[in-house]
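Residue numbers (full-length UniProt numbering): 1 to 673.
All C-beta atoms, glycine included, are put in the ideal place defined by N, C-alpha and C.
Below: the structure, in structure tokens.
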Amino acid sequence: MADDFSGWIFPNEISEKSSLSDRASRIEQAPPSPELIQSVTQELRVENQAPVTPVPTNTNSPPEASTSSPSLGRNTLNEIEPYVSEKDDEHFDLFDAKYGEIKRAKEPTDDLARKITTSAYYDRSDKMWLWIFVNTVYRAEPHEQLYRSTYGSTIAKFNDLFAADVGKFLNQGRDGIALDKIRSREFYEIILQFSDIFWVNNLRLLGSLGVSEEAELLKQHASIYRWLLCCNEHDLIPALEPFKLVITMKQSDEKVYRIMKRKNKFTVDIGSVSERQGFLTEAAIILLATYYKTVNLEKWEVVFENDFNFVSHMSKTATESFYSATRIARREMHHLQLFPWENACDLSSTYAVLRKVQFTKPCGVDFKRYINEIDLPRSEVKEEDEEIGAIPLDLPETGKIDCEQDMKTGIWARWGHISMIATNLQSRRLEEPLRVDSTGIMVEIKKFKMRQGKKKLHFAHKTISERGFVGRAGRLLEVLLALNQRLMETLGHPLTNSIDLEEQNKVQLFFLQLITSSPASLSIDPKINEQIDLGKIAFIQVSLFKAIECRSTEKVYKLYDRAPRLSRQNLIMCEVAVKTLAYYYHRESYIKWINVFEDEAKFFKSFEKIAKRIKTNSDYSRFSRDSFPEMRKAKMIPWRNPVVITNRQKVTITRLFKIDHYAQLKSKKKDKT
Numbered sequence: 001m002a003d004d005f006s007g008w009i010f011p012n013e014i015s016e017k018s019s020l021s022d023r024a025s026r027i028e029q030a031p032p033s034p035e036l037i038q039s040v041t042q043e044l045r046v047e048n049q050a051p052v053t054p055v056p057t058n059t060n061s062p063p064e065a066s067t068s069s070p071s072l073g074r075n076t077l078n079e080i081e082p083y084v085s086e087k088d089d090e091h092f093d094l095f096d097a098k099y100g101e102i103k104r105a106k107e108p109t110d111d112l113a114r115k116i117t118t119s120a121y122y123d124r125s126d127k128m129w130l131w132i133f134v135n136t137v138y139r140a141e142p143h144e145q146l147y148r149s150t151y152g153s154t155i156a157k158f159n160d161l162f163a164a165d166v167g168k169f170l171n172q173g174r175d176g177i178a179l180d181k182i183r184s185r186e187f188y189e190i191i192l193q194f195s196d197i198f199w200v201n202n203l204r205l206l207g208s209l210g211v212s213e214e215a216e217l218l219k220q221h222a223s224i225y226r227w228l229l230c231c232n233e234h235d236l237i238p239a240l241e242p243f244k245l246v247i248t249m250k251q252s253d254e255k256v257y258r259i260m261k262r263k264n265k266f267t268v269d270i271g272s273v274s275e276r277q278g279f280l281t282e283a284a285i286i287l288l289a290t291y292y293k294t295v296n297l298e299k300w301e302v303v304f305e306n307d308f309n310f311v312s313h314m315s316k317t318a319t320e321s322f323y324s325a326t327r328i329a330r331r332e333m334h335h336l337q338l339f340p341w342e343n344a345c346d347l348s349s350t351y352a353v354l355r356k357v358q359f360t361k362p363c364g365v366d367f368k369r370y371i372n373e374i375d376l377p378r379s380e381v382k383e384e385d386e387e388i389g390a391i392p393l394d395l396p397e398t399g400k401i402d403c404e405q406d407m408k409t410g411i412w413a414r415w416g417h418i419s420m421i422a423t424n425l426q427s428r429r430l431e432e433p434l435r436v437d438s439t440g441i442m443v444e445i446k447k448f449k450m451r452q453g454k455k456k457l458h459f460a461h462k463t464i465s466e467r468g469f470v471g472r473a474g475r476l477l478e479v480l481l482a483l484n485q486r487l488m489e490t491l492g493h494p495l496t497n498s499i500d501l502e503e504q505n506k507v508q509l510f511f512l513q514l515i516t517s518s519p520a521s522l523s524i525d526p527k528i529n530e531q532i533d534l535g536k537i538a539f540i541q542v543s544l545f546k547a548i549e550c551r552s553t554e555k556v557y558k559l560y561d562r563a564p565r566l567s568r569q570n571l572i573m574c575e576v577a578v579k580t581l582a583y584y585y586h587r588e589s590y591i592k593w594i595n596v597f598e599d600e601a602k603f604f605k606s607f608e609k610i611a612k613r614i615k616t617n618s619d620y621s622r623f624s625r626d627s628f629p630e631m632r633k634a635k636m637i638p639w640r641n642p643v644v645i646t647n648r649q650k651v652t653i654t655r656l657f658k659i660d661h662y663a664q665l666k667s668k669k670k671d672k673t
């Protein structure tokens, strides 16, 4: 079984001149300037580990973007990273000729595009797609998640080849999608998300049709993968339109929905889902319907009868009570032996059993009752905010610095407790974490200070020109990385492999950009090539320079009797580091941010919980025994990658990040001398 499968890391995104630009972020974070990059030529080093052999090229990477030809041909991968999968056996072989020829889709009898746009079963405004997504991908069965991880290398091969095909078809014609969009990291994240939706929903469908053995599940899923990889543009027409909508949609225009459900007198937050995820779910379900209808139309008509019943059935498999309510039906379905799907079946007996179990009974869920659009706050930059920017309405506290206020109020206590995470680096750990080398980052900060000289062009030029600027920036970076290491541990990634280390490296690269770049240059979101208001970056830069400016290192604050003394610099650097991380995770994946942390207050509370947890053996042992194993299975890192999580992991996320299962930490005593 695979040790880890966290998704795609893209070797072709490594900066040719900078190994500090990690494999997953060259496109998403443009370098501040050519001279900033030229001197950074060393390998990404691990400080506390013996030298290791280079990691092979990840098979999850997309096709290399050729510089000599605009061709979008497929890229067959030759090397598989060992952590992706070690179990791709004959049950899940996509490329073996022994499975026979692929049956192609028939020419449509009418205009398929018109049929889809006019059909109530494929209504893009229907909340059914959102329901299916959140109740499958965010509430996956354990075996669906396990197989996804175990057979990761084959899934990665499929993703690579399917991305090339979809990209080629989307690029064709006068209205084709531009090559730069198809070769962007965002496009491959879209393919990753589609792949997860397709994987979980087809396994869910196979289970509902009586397939329960692992080998048979994988054989049938491999068959549909092989069919997809042999499809031409005509075969994929029904799904290409949703793909176009997803890749061309501006993030600022995207709607986000929250699915809530009453259960045992409580309201349960099932999850939040974006409009794009709904479109991709539509594409996945349409392709599933196309496959089963194409391969055996006669059996399709006996089992599902029509498109409406198929889509309704997929909605039913996404309900929590589906399996318990259809236990007898599943046994009956297994006896029917519907698979292999291309084989003939006894039509009369099949029809009789299906009627007996009410297989085509419509889904009775009122989707509108559970799904509501989230009113996303939008911030605008006013004239008076021109220099430092407006605080984003969805991050109201991140632009303020509590520790600038009157310290007699006790508001500093929260940050005092959290600062203990960074000051006590030898406290309890699951494993000894790897440490990313920050030497190259600090060299670039020194060069930045020298370049500024007496130009006085930067809004923080006074702070930059002061003695000790580089040293204090280094201390702030140490605090930032220490806090992020603990957060990643809570997310199930204790910085013990290269994937985790690269995420830590992305954080320090983001820190470097905040120091060396202007708000205007950072106001273009590289993921979507879209202008965002200056306030969404300028406010965090101002906070960062205020923390570096703080020289108050006298240890005068004490949280409780046996606690070590803290300086004002400790407090303000901790506060700004946490708020920088809040901004970073919020910016990198807003949908995942909502589903994991929900809001800014709960993000801060997560660090208070970490501070409390690492203080005692009992609390930390409980975390390592009960919570960490589930979070590790969820594979939350890389943060920008989509995830498939089970209901149990959803509960664990709620317990770790959302519920307040103890009162806010407060100072027992303040001693100032």
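- request: Have a look at Lys261 and Met128 and give me their C-alpha separation to the nearest angstrom.
  value: If you number the sequence shown from 1, residue 261 lands on position 261. If you number the sequence shown from 1, residue 128 lands on position 128. C-alpha separation (whole angstroms): 15 Å.
field: Limits of the unbroken beta strand (DSSP E) element including Ser272
entry: As a working mapping, residue 272 is identified with position 272 in the sequence shown. Bounds of the beta strand (DSSP E) holding Ser272 are Phe266 to Ser274.
message: Within 10 Å of its beta-carbon, does Ala482 have 16 or more other beta-carbons around it, so buried, or fewer, so exposed?
response: Here residue 482 refers to the residue found at position 482 when the sequence shown is read from its first residue. It counts as buried.
field: Pair within 8 Å by beta-carbon distance, Ile286 and Pro238
entry: The residue labelled residue 286 in the question sits at position 286 within the sequence shown. The residue labelled residue 238 in the question sits at position 238 within the sequence shown. Contact: yes.
task: Step through the CB atoms of chain B and report whether any lies within less than 8 Å of the CB of Thr580.
output: Going by chain labels, chain B is absent from the structure shown, which holds only one protein chain.
message: Whole angstroms are fine: how far does the CA of Ser315 sit from the CA of Arg613?
response: Numbered from 1 along the sequence shown, position 613 holds the residue referred to as residue 613. Numbered from 1 along the sequence shown, position 315 holds the residue referred to as residue 315. The alpha-carbon atoms of Arg613 and Ser315 are separated by roughly 40 Å.
- request: On a CA-only basis, which of Trp227, Val353 and Gln277 is nearest Thr294? Give me that one, please.
  value: Locating residue 294 in the sequence shown gives position 294, where the first residue counts as 1. The shortest C-alpha separation from Thr294 is found at Trp227.
field: Enclosing beta strand (DSSP E) for Tyr257 [first to last residue]
entry: Here residue 257 refers to the residue found at position 257 of the sequence shown. It spans Val256 to Lys263 - the beta strand (DSSP E) in which Tyr257 sits, taken as one unbroken run.
task: Tell me, please, whether the region 472 to 480 touches the region 565 to 583 by the rule of three or more beta-carbon pairs shorter than 8 Å.
output: yes
query: Which residue from Gly167, Leu161 and Arg428 puts its Cα closest to that of Thr616?
result: As a working note, residue 616 is residue 616 in the sequence shown. Selected option, being the one with the closest Cα: Arg428.
- prompt: Which same chain residues, not among the five before or five after Leu130, have their C-beta less than 8 Å away from its C-beta?
  reply: For the purposes of this step, residue 130 is taken as residue 130 along the sequence shown, with counting starting at 1. Apart from sequence neighbours up to five positions away, the residues of its chain that approach Leu130 with a beta-carbon distance below 8 Å are Tyr257, Ile259, Val273, Gln277, Gly278, Thr281, Phe367 and Ile371, ordered along the chain.
- prompt: Just the Cα atoms here: how many angstroms apart are Asp235 and Ala156?
  reply: Against the sequence shown, residue 235 aligns to sequence position 235. Against the sequence shown, residue 156 aligns to sequence position 156. Using only the alpha carbons, I get a separation of about 22 Å.
message: Counting C-beta neighbours from all protein chains within 10 Å, is the total for Ala422 16 or more, i.e. buried, or is it exposed?
response: Indexing the sequence shown from 1 puts residue 422 at position 422. With 16 or more other Cβ atoms within 10 Å, it is buried.
Close Cβ partners of Ser419 (< 7 Å) along its chain, the five nearest in sequence each way excluded: For the purposes of this step, residue 419 is taken as the residue at position 419 of the sequence shown. Closer than 7 Å at Cβ, skipping near neighbours: Leu566, Asn570, Leu571 and Cys574.
message: Quick check on the DSSP output: the beta strand (DSSP E) that includes Glu373 runs from which residue to which?
response: In the sequence shown, counting from the first residue as 1, residue 373 sits at position 373. First-last of the beta strand (DSSP E) with Glu373: Ile371 to Glu373.
- request: Kindly indicate which residue of Glu549, Asn497 and Gln504 has the alpha-carbon position closest to the one of Ile515.
  value: Counting from one through the sequence shown, the residue named residue 515 turns up at place 515. Nearest C-alpha to Ile515: Glu549.
task: May I ask which residues mark the beginning and end of the alpha helix (DSSP H) holding Ile515?
output: The residue you call residue 515 lines up with position 515 of the sequence shown. Taken as a continuous stretch (DSSP letters only), the alpha helix (DSSP H) holding Ile515 covers Ser498 to Thr516.
Buried or exposed by the 16-neighbour rule on C-beta atoms within 10 Å, applied to Thr267: Along the sequence shown, one-based indexing puts residue 267 at 267. Counting Cβ neighbours within 10 Å, Thr267 comes out exposed, since fewer than 16 surround it.
message: What does the alpha-carbon distance come out to for the pair Trp639 and Arg622?
response: What you label residue 639 is simply residue 639 of the sequence shown in a count that begins at 1. What you label residue 622 is simply residue 622 of the sequence shown in a count that begins at 1. Distance between the alpha carbons of Trp639 and Arg622: 25 Å.
field: Nonlocal neighbours in the same chain, by C-beta distance under 6 Å from Phe310, ignoring five residues either side
entry: Here residue 310 refers to the residue found at position 310 of the sequence shown. These residues qualify, in order along the chain: Ala289 and Phe304.
task: Hey, could you find the ends of the alpha helix (DSSP H) Gly152 is sitting in?
output: Against the sequence shown, residue 152 aligns to sequence position 152. From DSSP, the alpha helix (DSSP H) with Gly152 extends over Gly152 to Asn171.
- prompt: So, is Gln193 buried or exposed, given that buried needs 16 or more other C-beta atoms within 10 angstroms?
  reply: As a position in the sequence shown, residue 193 is number 193, starting the count at 1. Gln193 should be labelled buried.
- request: Write down the C-beta distance between Ala163 and Tyr188 rounded to the nearest angstrom, noting that I regard them as a contact closer than 8 Å.
  value: The sequence position of residue 163 within the sequence shown is 163, counting from 1. The sequence position of residue 188 within the sequence shown is 188, counting from 1. Ala163 to Tyr188, Cβ: 6 Å. Contact.
- request: With DSSP collapsed to three states, give me the class of Val357.
  value: On the sequence shown, position 357 is the one that residue 357 refers to. Note: Val357 maps to coil in three-state DSSP.
query: For Lys168 versus Ile247, is the C-beta distance shorter than 8 Å?
result: Residue 168 sits at position 168 when you count from the first residue of the sequence shown. Residue 247 sits at position 247 when you count from the first residue of the sequence shown. The answer is no: Cβ separation not under 8 Å.
- prompt: Would you say the region 335 to 343 touches the region 199 to 210, given that touching needs at least three Cβ pairs under 8 Å?
  reply: With a cut-off of 8 Å on Cβ pairs, the region 335 to 343 is in contact with the region 199 to 210, counting three or more such pairs.
- request: Compute the beta-carbon to beta-carbon distance between Ala318 and Asn135, rounded to the nearest angstrom, for a pair I have assumed lies under 8 Å.
  value: Within the sequence shown, numbered from 1, the residue matching residue 318 stands at position 318. Within the sequence shown, numbered from 1, the residue matching residue 135 stands at position 135. 4 Å between Cβ atoms; contact.
query: To the nearest whole angstrom, what separates the beta carbons of Tyr151 and Ile224, a pair I think is in contact under 8 Å?
result: If you number the sequence shown from 1, residue 151 lands on position 151. If you number the sequence shown from 1, residue 224 lands on position 224. Not quite, the Cβ-Cβ distance comes to about 14 Å (not below 8 Å), so this is no contact.
field: Nearest candidate by alpha-carbon position, reference Phe459, set Glu630, Lys356 and Gln541
entry: Here residue 459 is taken as the residue at index 459 of the sequence shown, counted from 1. The shortest C-alpha separation from Phe459 is found at Gln541.
- request: Check whether the Cβ atoms of Ile659 and Thr490 sit closer than 8 Å, and answer yes or no.
  value: To locate residue 659, count along the sequence shown from 1; it is residue 659. To locate residue 490, count along the sequence shown from 1; it is residue 490. Contact: no.
- prompt: Under a three-way DSSP split, which group does Ala422 fall into?
  reply: In the sequence shown, the residue the question calls residue 422 occupies position 422. If DSSP states are grouped into helix, strand and coil, Ala422 belongs with the helices.
field: Ile197 versus Ala563 - alpha carbon distance
entry: In the sequence shown, residue 197 corresponds to position 197, counting from 1. In the sequence shown, residue 563 corresponds to position 563, counting from 1. Looking at the two C-alpha atoms, the distance is approximately 49 Å.
message: Just verifying my parser: in three-state terms, what is the DSSP assignment at Leu280?
response: Here residue 280 is taken as the residue at index 280 of the sequence shown, counted from 1. Helix at Leu280.
message: According to DSSP, is Thr580 part of a helix, a strand, or is it coil?
response: The residue given as residue 580 occupies position 580 in the sequence shown. In this structure, Thr580 counts as helix in the three-state DSSP scheme.
query: What are the residues that DSSP puts in a beta bridge with Val134?
result: Here the question's residue 134 lines up with position 134 in the sequence shown. Paired residue(s): none; Val134 is not in a bridge.
field: Those residues which DSSP pairs with Leu288 across a bridge
entry: Looking up residue 288 in the sequence shown gives position 288. Partner(s): none; Leu288 has no beta bridge.
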